[in-house]
Structure formats: C-alpha cells, structure tokens
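Asks: Quick one: structure below, then a few questions.
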Amino acid sequence: MINDLWYKNAVIYCLSVGTYMDSNGDGVGDFEGLMRRLDYLQGLGVTAIWLMPFQCSPHRDDGYDISNYYEVDPRYGTLGDFVEFTHAADQRGIRVIIDLVVNHTSDQHPWFQQARSDPHSKYRDWYVWAKKRPPRSSQGVVFPGVQKTTWSYDSQAREWYFHRFYKFQPDLNTANPHVQAEILKIMGFWLQAGVSGFRMDAVPFVIATKGAAVRRPAEQYDMLRRIREFLQWRKGDSIILAEANVLPKTDMEYFGRDGDRMHMMFNFQVNQNLFYALAGSDARPLIAALRKTRSRPDTAQWGQFLRNHDELDLGRLSEQQRAKVFEEFGPEPAMQLYRRGIRRRLAPMLAGDRRRIELAYSLMFTLPGTPVIRYGDELGMGDDLELPERNCARTPMQWSTEPHAGFTKSPKPVTPVISSGPYGYEHVNAAQQRREPSSLLNWTERLIRMRKEVPEIGWGDFQVLATGDDSVFAIRYDWRNNSVVFVHNLRSTPREVSFDVGLPGEDAGLLVNLLSEDHSRASDGRHRVLLEGYGYRWFRVGGLDYLLKRSSIQEPAKAHQGTRRPRARRRKA
Ligand code: TEU
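Quick note: my numbering has the sequence shown finishing at residue 1378, numbered continuously throughout.
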C-alpha cells in the first residue's frame, strides 16, 4: 500500500467554470467548455480540480451567494452537463471537489424570501434575526472598507438579520437542526452527482454561535464530526478541505484529535509567513509557521497554496510584518484590499521574475501537504487592477493569441480578458507556452510530475536542516526507508551553504539531484551547495535505487536514527 488516502498527496487545481472556457459563445465559461479542456489538465498532471461555486446565484459575490443549492446556474449549463463533466474527469483520473457555501445564502434564495415575508414560515428560523439593532453591529465585518455592518434591517420582516459577509448574504442559522440536515442533504446530492468532496467555505463562521446576544462567537466543533460521519458513510473516499483561517492553537480542533473532523485545511499560517519570508529573504518566519502547524493526525493533510481567488490575506501578521509584505509585493493602495491583504496575482506580485516565481512554486510544491494551484498561475497570468475588489485576479483563462485569448467567440466576455501590457494574452497564453520547452507551463508540468514521484512530502515527517544562513531554507522528509531534501535560496544573490542531512550511514553522503545532473557528495559529512539567486534544489538522499529500498510499511525499528520518529501526533494538541 502506498497511497490510500488520495488527498494526502494530490495536486489540486482551482478554477471557476465561468472564466475557464466558453463553448457556446455567450461570453461565459461553461461545463461543456471545461470538459473540452480536461485533456489540458490531465497533461498538466493535476489530480483534482476544486471548482468554485457554480450553482444558481445572482452573482453579487462571484457565486458565493447561492439562490438554489440543487441546480447548476443556467449560464454554465445543466445538471446533465455537470454529471458529464464529473464523469469525463473521472475517466481521466481527475477528482472533482466543489465549494460548499453554507454559512449564508443569497438574499434571493426562496428560503430567505419566505423567512422575511412570513414570520410563521418554517424558514424564519433558518436565519438569524433581532428585533432591535444589536449592539456591536459594526464589529466583525469580513470586508472592511466595503462592508459596514454585520446586521441589516429588513423592511419586509421588520427585523434585523445577521450577515457575516455582504448585506446580500444573510447567515444561515446553522445551529438549527433543520439547517444542519439540509447541509447534509446538499452534500449527499452532489456526491451522487460524482464529486469527491468539498472545499468548505468559511468554516469558523459556519460553526460559530450566531445571534444578537452573542458577544464572542464560540465554535461548535461537534458539527464538524457530524459532517465527517455523513460524508464517510455516503462515500468513503470523499473529503472536506476546510477554509479556516485560524490560529495554530485551534488546528487540532478542526482536524479532530482522532482525525475525526476535517480531512484537510488550507494552511493560512504558512501562506502568510511564506510571503513574509519571501519579502524579507529570510526563512525564519516560514520555519516558525511550519513548526507551529506541524501537529496533525496522520490522516489529515494541509493544503499549501500561494494565491487563491481572494486577496492574499495578511491579517495574521503583525502590522510591521504586513507593512514589509505590502512594500515588497503590493506597494500601491490599489494593490491592497480590506486593509489586510494584496489582491494581485502571483506573477505581477513577483515582478514577473521567472526565477522568483519558480522559487515560490518550488516551495509550495515541497512544503508539508498537498499543493493547491490557482488556474492561470501555471502560465504566470497577471491581474487587471481596474476591476473592483477581488475581481482583478479572476479574469478569463488565457488559452491562445486568438481574440479574447481563445476563451470565447463572443465579442463581450463577462469579465474582460487581460489584453494589454506584459501580461496580455498575446504574450501570456497556453498555446505558445506549450510549444516553448522552457516555458513556465512546461516547467510546472515537469515539477508536478516530479512532485508526484515524491510521496515522502505528503506522507513523511519533516525536519528543518540548519544551513547557517537565514536566507537558505533546507528541509528533509523521511518516509518508509527513504529521505528527500529540498533547499531554497530566498535571496536574489547566490549563496553557498553547507549542511549535514542528519542521517547516519553511507546514503547520507550522496544527494541525487532530481531536476538536473548537479548531484552533491558530502565531504566530512557535510554537503556544500552553491545556489544561484532564488535557486532551489530537489534531492534524494542516497541513490536512485530508492524504490528498491522503499518499505511497504513504516518500520519503526529501521527508521533513521537521529531523527524524530513520526510523532505521536494524535496525542499532541
Ligand atoms: O471567503 C470566506 C472567508 O472567510 C474569507 O473572506 C476570509 O474571511 C478572509 O480571507 C480572511 O481569512 C469565502 C470565499 O473564499 C470568498 O470568495 C467569499 O466572498 C466569501 O467566502 C463569502 O462567501
């Protein structure tokens, strides 16, 4: 048995169907179009797709305001198209997970419409009401600068309703057992339509106590276990990937001490500190974040990412640290958002510097967990800061040099394609990069292929290696009789470092480079590696006969001495 839990070592690609590929010429991407691009995704090597919301919606928050959980928004196709799509993905060995947005609905949802118009409706208690304007209603807004309050007056209901996000997204009363039952029903429905799980939106808010009397919302973690149980019963290999931007001290509450809650969580702690580390060319904050998020049950996994469809949220950094990241990656006010983040895409943040983009990607692929790529980042796509809020980084996929980047035949795509400047589709597109052997696309494809051959990252235990240089980050993973080492230079100038891989025996004397011919032999037990500016190395410890040495179980007695045994992670908080 090598890899029984698919998500422990997956490569996840997130996309939104409306901006991927339009097959019918109406200017909006659809499932038929996405299906035609599955071969591209298979070629890239991703093993799972995370689909942003595609259900019926008035689209005031890019689909995160759902008005019918059981239908595909007609602009994207039909339920039939959706099932054709999950089937076609399955045929290519690609799993599909979808967003589960159940903290709130759209205010256009029939549940809310009935709740507001009839106090005796069974749906009234599906939302969160107050007769008087609750105190502290201006606190706890998620979109500061755009959103003013978390309670709004509804003139039909003649009461105030709670909304953690925008005004048009009334919160569901998730403590109501009927609402909880409905959430499970929604999950059951989409599992039946062929998905392998859910990226669960805004989890801390879903499980928080809500109401006018609530001073400090408390998380009801039991809800997570019930969701997990349902999922496992209905489809044993389906998962939840939780969006929970929480402090490390509560991570285990989300995973469950016995691995009985969320299968995966995005590692926001590492994400923010990774950008801080890149900004200062200093690996220490990254190392600290990795240590803080080390504990997790064996069956749980981190989702490691660089950028997603939201702003790069730096809210967990100190003001000074955040200022440093702003200065380096988003100095202009137009690049920043909600007083805490940067709304740009990855490539422009890194000034289009290919070396630095590779460095960032190489880090993401080799951090403990499963990498999650944002569509278009494999091409180095840019952003359009003319578009409001987070829309700047949600422009259509750039396929070719055809009009509108080959995204649509319509003269009016729903969101404009980036068509000028260095990131315009004439310069940045999949068709050209496919032909160019050294393109970012082909580089990413090779990296993904190699990443899939290094299960040690997803399954193993890690050890940070001392390099004597804060700008060079070295990490080793051990799993089933094999070890791998990754070295990254966060600085723009060359660095020479020497390190001890920390393993006994002859094998430790040889590091085989997995990406080039430049191997390393130790002298006096130390490896000396000269890294170019922003350089990186992927090494296997010992020879390339590692597959002959791999054990089919983790053998405690044979595990490398001198390293920590895979921790008793479960016991540790
Ligand atoms: O975001 C939820 C969410 O909690 C984030 O906005 C988070 O608060 C922020 O990054 C701080 O960590 C999700 C979606 O990703 C976003 O696009 C939606 O607008 C939002 O939910 C509302 O559904």
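Using N, Cα and C, we set each Cβ at its ideal position, and we do this for glycine too.
Given the structure is predicted, the values throughout are model-derived calculations rather than measurements.
(1) What are the residues that DSSP puts in a beta bridge with His1332?
(2) May I ask you to verify whether the stretch 1238-1250 touches the stretch 1198-1211, counting CB pairs closer than 8 Å and requiring at least 3?
(3) Spatial neighbours of Tyr825 within its chain, please: C-beta separation below 6 Å, excluding the five flanking residues on both sides.
(4) Would you call Lys813 buried or exposed, if buried means 16 or more other Cβ atoms sit within 10 Å of its Cβ?
(5) Whole angstroms is fine: what's the gap from Asp1266's alpha carbon to Ser1288's?
(6) From Val901, Val851, His892 and Gly848, pick the residue whose C-alpha is nearest to that of Phe859; which is it?
(7) Between Phe1071 and ligand 1, is there a pair consisting of the residue's CB and a ligand heavy atom that are separated by less than 7 Å?
(8) Is Glu1194 near ligand 1 - that is, is its Cβ less than 7 Å away from at least one heavy atom of it?
(9) Output the distance between the C-alpha atoms of Glu1258 and Gly850, rounded to the nearest integer angstrom.
(10) Taking 8 Å as the limit between beta carbons, can you name the residues of its chain near Leu1315, skipping five residues before and five after?
(11) Secondary structure at Pro1176, three-state DSSP: helix, strand or coil?
(12) Give the single residue among Ile1147, Pro1053 and Ser1297 whose Cα lies nearest to the Cα of Gly1085.
(13) Of all the options Leu1295, Thr954, Arg941 and Ile871, which has the alpha carbon lying nearest to the alpha carbon of Leu1168?
(14) Can you give me the C-alpha to C-alpha distance between Asn1072 and Asp923, rounded to a whole angstrom?
(15) Quick check: is any heavy atom of ligand 1 less than 7 Å from the C-beta of Gly945?
(16) Check for me: the beta strand (DSSP E) holding Asn1318 runs from which residue to which?
(17) Which same chain residues, not among the five before or five after Trp934, have their C-beta less than 6 Å away from its C-beta?
(18) In its own chain, which residues sit with a C-beta less than 8 Å from the C-beta of Asp1329, not counting the 5 before and 5 after it?
(19) Sorted by chain position, which residues of the same chain lie with C-beta nearer than 7 Å to Gly882's C-beta, five sequence neighbours on each side aside?
(20) Could you tell me if the beta carbon of Ala1105 falls within a distance shorter than 7 Å of some heavy atom in ligand 1?
(21) For a test of your reading of the model: does the CB of Asn873 fall under 7 Å from any non-hydrogen atom of ligand 1? Yes or no.
(22) By how many angstroms is the C-alpha of Ile988 removed from the C-alpha of Val907?
(23) Under the three-state reduction of DSSP, which class applies to Tyr958: helix, strand or coil?
(24) Please go through the same chain and pick out, in chain order, the residues whose beta-carbon is closer than 8 Å to the beta-carbon of Ala1093, but skip the five residues on each side of it.
(25) Quick one, are the C-beta atoms of Asp1115 and Arg1195 less than 8 Å apart?
(26) Quick one: Cα of Ala1082 to Cα of Pro1173, how far?
(27) Closest to Ala998 by C-alpha separation, out of Ser960, Asp1103, Val877 and Leu810, would be which residue?
(28) Please report the residue range of the beta strand (DSSP E) in which Gly1002 lies.
(29) Here's the rule: buried if 16 or more other CB atoms are within 10 angstroms of the residue's CB, otherwise exposed. What is Tyr958?
(30) Would you kindly check if the distance between the Cβ of Leu905 and the Cβ of Met1005 is under 8 Å?
(31) Taking Gln821 as the reference, which of Ala815, Asp809 and Asp866 has the closest Cα?
(32) Which residues mark the beginning and the end of the beta strand (DSSP E) in which Leu905 is found?
(33) Excluding the 5 residues flanking Met1140 on each side, which residues of the same chain have their C-beta closer than 7 Å to its C-beta?
(34) DSSP three-state call for Trp1204: helix, strand or coil?
(35) Shortest alpha-carbon distance to Ile1262 belongs to which of Tyr928, Lys1040, Val1334 and Ile1280?
(36) For Asp809 and Glu1250, what's the separation of their Cα atoms in angstroms?
Replies: Concretely, from the data shown:
(1) BP columns for His1332 point to Phe1304.
(2) As far as the Cβ criterion goes, the stretch 1238-1250 does not touch the stretch 1198-1211, which means the pair count is below three.
(3) The answer, listed in chain order, is Gly834, Leu839 and Met1202.
(4) Buried, by the Cβ-count rule.
(5) Distance from the CA atom of Asp1266 to the CA atom of Ser1288, rounded to whole angstroms, is 10 Å.
(6) Checking every option, the nearest Cα to that of Phe859 belongs to Val901.
(7) Distances taken from the Cβ of Phe1071 to the heavy atoms of ligand 1 include none shorter than 7 Å.
(8) Taking the Cβ of Glu1194 as the reference point, every heavy atom of ligand 1 lies at 7 Å or farther away.
(9) Straight-line spacing of the CA atoms in Glu1258 and Gly850 works out to 12 Å.
(10) For Leu1315, where only same-chain residues beyond five positions count, the Cβ hits under 8 Å are His1324, Ser1325, Arg1326, Ala1327, Val1346, Gly1347 and Gly1348.
(11) DSSP places Pro1176 in strand when its eight states are reduced to three.
(12) The option with the nearest alpha carbon to Gly1085 is Ser1297.
(13) By alpha-carbon distance to Leu1168, the top candidate from Leu1295, Thr954, Arg941 and Ile871 is Leu1295.
(14) The straight-line gap from Cα to Cα measures roughly 42 Å.
(15) Using a cutoff of 7 Å, the CB of Gly945 does not count as near ligand 1, since none of the ligand's heavy atoms is closer than that.
(16) Unbroken beta strand (DSSP E) run through Asn1318: Leu1315 to Asn1318.
(17) Cβ within range, chain order: Glu964 and Tyr966.
(18) Hits under 8 Å: none found.
(19) Within the same chain, Cβ atoms closer than 7 Å to the Cβ of Gly882 are found at Asp835, Phe836 and Glu837, the five residues on either side in sequence being excluded.
(20) Result no, Cβ not under 7 Å from ligand 1.
(21) Ligand 1 has no heavy atom closer than 7 Å to the beta-carbon of Asn873.
(22) Approximately 7 Å between the Cα atoms of the pair.
(23) Tyr958: strand per DSSP, three-state reduction.
(24) Answer for Ala1093: Asn1078, listed in chain order.
(25) Their beta carbons are under 8 Å apart, which means Asp1115 touches Arg1195 by this criterion.
(26) One C-alpha to the other measures close to 16 Å.
(27) For the residues Ser960, Asp1103, Val877 and Leu810, the minimum Cα distance to Ala998 belongs to Val877.
(28) Residues Gly1002 to Met1005.
(29) It counts as exposed.
(30) Contact check for Met1005 against Leu905 passes: the beta carbons are separated by less than 8 Å.
(31) For the sequence presented, residue 821 should be read as Ser rather than Gln. Among Ala815, Asp809 and Asp866, the Cα nearest to that of Ser821 is on Asp866.
(32) Membership of Leu905 in the beta strand (DSSP E) is indicated by the continuous run Arg900 to Leu905.
(33) Closer than 7 Å at Cβ, skipping near neighbours: Ile1147, Arg1148, Arg1149 and Leu1190.
(34) Here Trp1204 sits in coil by DSSP.
(35) The residue with the shortest Cα to Cα distance from Ile1262 is Ile1280.
(36) For Asp809 and Glu1250, the distance between alpha carbons rounds to 24 Å.
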